[in-house]
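Chains as they are written, first to last, in the working numbering: chain A, 79 to 369; chain B, 227 to 562. Let me begin by presenting the structure, written as structure tokens, before commenting on it.
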Amino acid sequence: MLQVLINGALLGAVYALIALGLTMVFSIMRVVNFAHGQMYMLGGFVVYYLYGQYGLPFYLALPAAGIVLGLIGVAFNRFFFQPVLATSTREENSMLMAVGTALLLENLALTLFGEKQRGVPEVVEGIFIWGDVAEGGVVLTYSNMLVMGVAVLAIVALLGFVQYTRPGRALRAVAQDKEAACLQGVDVKTTTTLGFAIGAALAGIAGGLLVTIYGVNAGVGSNISTKAFIMVMIGGAGVTKGAILGGLLLGFAEAIGYDIFPGSVTYLIIFVAMIIFLLFKPNGMFGKPWG
Amino acid sequence: MNSLKKRDIYVSFSVLAIMLVLPLFIGQSRYLLSVLMNCAGLSVIALGVWLIFSIGRGYIGQAGFALIGGYTTGILLTRYNLSYWVVLPLSALSAAFFGALIGSFILKLRGIYFSMLTISLTEAIRLAFLNGGSFTQGSKGITGLPQPFSGDSPLPMYYLGLALLAFALLLIWRVHYSRVGRIFRAMRLNEDLAESFGTDVWRYRVMAFAIACGLGGLGGSYFTVFIQSVYPQSFTVEHSIYYMLYCFLGGLEYVSGAIVGAFVLTILFELLREFQQYQTLIYGVLMISVILLLPNGLMALGSSKSEGSKKALPPIGGADTTPGKADAKPMIGRSS
């Protein structure tokens with residue numbers, strides 16, 4: 079059972095990272111970034127090529143994934159989302175654009191990388207064994223330990239950035255009230271771009287981390303997006319602590335479920351449980367009623 | 227009659243009329259007919275999605291109900307040997323029933339929560355069929371379904387598709403351009419306000435959802451006998467997203483928008499076939515371009531109403547409210 083809990087914590091940490099990215103974009107722009115899963119997938123491919131194919135060290139490949147996705151985020155925001163938000167007569171149209179970019183990224187990845195499942199060699203060799211495995215001991219590869227550590231580190235760094243730096247405060251101000259932030263001299267446009275870039279970069283880093291465990295393929299995007307939606311809905315859209323809680327909950331639920339139930343029954347139960355939960359808490363644990 | 231409705235009528239009639247006579251010219255080409263049958267089936271399903279957008283909800287779960295319709299068809303045809311003419315309405319009814327049942331709970335969610343939840347719902351329904359044991363035959367699906375028409379000609383199936391399309395169009399038309407349609411618009415503009423004027427919002431919401439899901443089941447049933455099989459993978463999240471895109475790209479202000487979107491996008495995809503491995507990529511790029519250039523859909527092309535004046539206050543209630551620019555109601559991000 080301890081093994082299951084550790085797997086849950088590992089998954090939960092990375093999932094929280096994914097959910098944080100999605101919730102960041104939502105809180106700043108009120109856009110549900112459907113392409114979040116596809117950005118995760120691209121992050122996985124960046125690490126696959128840089129680290130797995132070209133032999134760059136992992137500690138360089140992972141930040142590279144974040145930077146590449148951050149740049150993609152900036153470009154998407156500048157060329158796709160801002161024009162649509164400015165000209166459309168219905169705000170649902172931002173959702174349309176998000177879906178459009180998701181399909182674009184997925185088709186791009188399918189064309190460039192093909193449908194094959196890709197994996198990378200282990201980042202660090204070795205296994206940590208605690209107790210007798212046959213009697214409930216724990217097995218944890220150093221590689222997985224590293225993934226969990228980096229995910230937690232990234233979350234802490236993000237929280238620190240948002241809480242204690244000037245751009246971080248600007249982000250929070252824009253999330254709270256765009257007009258008021260503007261009146262206080264916050265550069266809303268730059269801050270919005272920054273928020274979108276951070277959201278995309280988080281997806282990229284999460285993808286770069288999990289590629290070391292699960293590998294990656296071009297079709298994984300909508301699956302990850304769906305998971306991200308679950309986490310964000312449980313925690314409440316646009317709320318940081320909600321995203322972290324949702325991520326941890328889903329990570330543990332998945333690890334425990336896969337231990338008990340066969341195959342895809344786990345997610346069936348998770349979906350049903352989530353729908354029932356939302357009937358009682360329509361805005362998630364900490365969310366506000368958005369529109 | 228306002229210009230929006232006029233445009234809607236012209237386009238709807240043209241599509242139906244062209245579909246009616248087209249087999250005279252391409253009747254021998256199985257490929258062309260099957261593309262058009264695809265378009266017709268997708269339009270039926272997308273019209274349901276369109277109705278949910280007209281009550282102000284971003285609905286991305288239609289594939290789940292198409293799957294329910296498809297499986298109802300598959301199970302009734304193989305296990306009970308019923309005639310397809312009994313099975314087809316039953317499939318629509320079962321999807322509508324489950325839609326009303328699920329909808330009566332989830333429709334109280336709004337905005338992005340509803341959208342995200344319906345995505346999850348698609349996946350949940352797929353997983354339910356995947357784990358349905360011997361009843362749904364798991365990932366093997368139900369195969370070898372009998373065709374409703376004897377003979378080799380694809381034309382009967384084609385005209386069945388056209389008939390279903392005409393039925394779905396008529397149904398949505400009747401709903402949208404009637405008192406109920408005005409209530410739906412009032413609900414999109416401001417649900418709380420509509421409720422405070424004595425509208426039984428809950429009832430109308432569930433009604434809209436049942437109709438929408440019923441159309442999903444109808445289309446799902448058509449596709450199931452069309453390809454003579456149904457699998458859990460037959461209708462997935464990706465399909466749900468495409469149904470939504472058809473409505474958006476066609477135009478949410480027009481009933482025929484869903485049809486135009488389904489036809490244009492499906493035919494476009496087929497036209498791009500000669501680019502082979504770049505087909506999906508070019509398709510994606512073109513789709514983004516349309517969203518950028520025509521954010522209000524293809525039907526708004528050349529319409530003076532499509533431009534600007536986002537801030538205009540919506541006239542609420544009132545006979546024949548123009549469902550155009552006036553009710554530019556933000557669905558996402560309204561802080562209430």
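From the three backbone atoms N, C-alpha and C, an ideal C-beta is built for every residue, glycine too.
Given a cut-off of 9 Å, decide if Gly267 of chain B and Gly387 of chain B are closer than it, judged by their beta-carbon atoms. Yes, these two residues count as a Cβ contact at 9 Å.
Going residue by residue through the stretch 361–442 of chain B, where are the continuous beta strand (DSSP E) segments of at least 3 residues, counting only ones entirely within it? Taken in chain order, no unbroken stretch of beta strand (DSSP E) lies wholly in the stretch 361–442 of chain B with a span of 3 residues or more.
Using three-state DSSP, classify Leu182 of chain A as helix, strand or coil. Looking at Leu182 of chain A - three-state DSSP - the assignment turns out to be helix.
So, is the C-beta of Gly446 of chain B closer than 9 Å to a C-beta in chain A? Contact with chain A is absent for Gly446 of chain B, since none of that chain's Cβ atoms lies less than 9 Å from the residue's Cβ.
Alpha carbon to alpha carbon, how far is Val481 of chain B from Ile493 of chain B? Give it in angstroms, no decimals. About 20 Å.
Check the DSSP bridge columns for Thr344 of chain B and list the partner residues they point to. Partner(s): none; Thr344 of chain B has no beta bridge.
As an exercise, report each continuous alpha helix (DSSP H) stretch of at least 4 residues that is fully enclosed by the stretch 472–499 of chain B, in chain order. Counting whole runs of 4 or more residues, the stretch 472–499 of chain B contains the alpha helix (DSSP H) stretches 481–497.
Count the other CB atoms, across all protein chains shown, that sit within 10 Å of the CB of Gly215 of chain A; report buried if there are 16 or more and exposed otherwise. Exposed, since its Cβ has fewer than 16 Cβ neighbours within 10 Å.
Does DSSP put Val270 of chain B in a helix, in a strand, or in coil? Three-state DSSP puts Val270 of chain B in a helix.
Should Phe123 of chain A go down as buried or exposed, given a rule of 16 or more other Cβ atoms within 10 Å for buried? With 16 or more Cβ atoms within 10 Å of its Cβ, Phe123 of chain A is classed as buried.
Where Trp276 of chain B falls, given that 16 or more other Cβ within 10 Å makes a residue buried: Buried, since its Cβ has 16 or more Cβ neighbours within 10 Å.
In angstroms, rounded to a whole number, what distance separates the CA positions of Ile353 of chain A and Lys232 of chain B? Roughly 41 Å between the two C-alpha positions.
Name the chain A residues whose beta carbon is nearer than 8 Å to that of Asn193 of chain B? Because chain B here runs from 227 to 562, residue 193 of chain B falls outside it and cannot be looked at.
Would you report the Cα separation of Lys319 of chain A and Ala94 of chain A, rounded to the nearest angstrom? Rounded to the nearest whole angstrom, the C-alpha separation of Lys319 of chain A and Ala94 of chain A is 9 Å.
Chain A within 9 Å of Glu500 of chain B, Cβ atoms only: Chain A has no Cβ within less than 9 Å of the Cβ of Glu500 of chain B.
Inter-residue Cα distance where the pair is Gly362 of chain A and Val310 of chain A: So the two alpha carbons sit approximately 8 Å from each other.
If contact means a Cβ-Cβ distance below 8 Å, which residues of the stretch 334–359 of chain B contact chain A? Those would be Lys334, Leu335, Arg336, Gly337, Ile338, Tyr339, Ser341, Met342, Leu343, Ile345, Ser346, Leu347, Glu349, Ala350, Leu353, Ala354, Leu356 and Asn357, in chain order.
Compute every distance between the C-beta of Leu512 of chain B and the non-hydrogen atoms of the ligand HEM, then say whether any falls below 8 Å. For the ligand HEM, the structure offers nothing, since it holds no ligand at all.
Residues sharing a beta bridge with Val294 of chain A, DSSP: Note: Val294 of chain A is bridge-paired with A:Arg196 in the DSSP secondary-structure output.
Pull up the CB-CB distance for Phe279 of chain B and Leu478 of chain B, whole angstroms please, since I reckon it's below 8 Å. So it is a contact: roughly 5 Å between Cβ atoms.
Who are the near neighbours of Ser455 of chain B in its chain, counting only those whose CB is closer than 8 Å to its CB and skipping five residues on each side? Result list for Ser455 of chain B: Gly300, Gly367, Ile368, Thr369, Gly370 and Leu371, in chain order.
Quick one: what's Trp311 of chain B bridged to in DSSP? The beta-bridge partner set that DSSP reports for Trp311 of chain B is empty.
Min CB distance Gly476 of chain B to chain A below 9 Å: False, the Cβ-Cβ gap to chain A never drops below 9 Å.
Based on Cα-Cα distance, which residue from B:Met470, B:Ile271 and B:Met413 lies nearest to Leu342 of chain B? Inspection of the sequence shows that residue 342 of chain B is occupied by Met rather than by Leu. Comparing Cα-Cα distances from Met342 of chain B to each of B:Met470, B:Ile271 and B:Met413, the minimum goes to B:Met470.
Starting from Leu218 of chain A, follow its DSSP beta bridges and name the residues at the other end. Beta-bridge pairing by DSSP links Leu218 of chain A to A:Phe206.
Quick check on Val125 of chain A: does DSSP put it in helix, strand or coil? Here DSSP, grouped into helix, strand and coil, assigns Val125 of chain A to helix.
Per-residue contacts from Phe349 of chain A into chain B (C-beta, under 8 Å): Ordered by position in chain B, the residues that pass the 8 Å Cβ test against Phe349 of chain A are Ser346, Leu347, Glu349, Ala350 and Leu353.
Against Val401 of chain B, what residues of chain C qualify as contacts under a CB-to-CB distance less than 8 Å, listed in chain order? Considering every chain present, this structure includes no chain C. Its protein chains are A and B.
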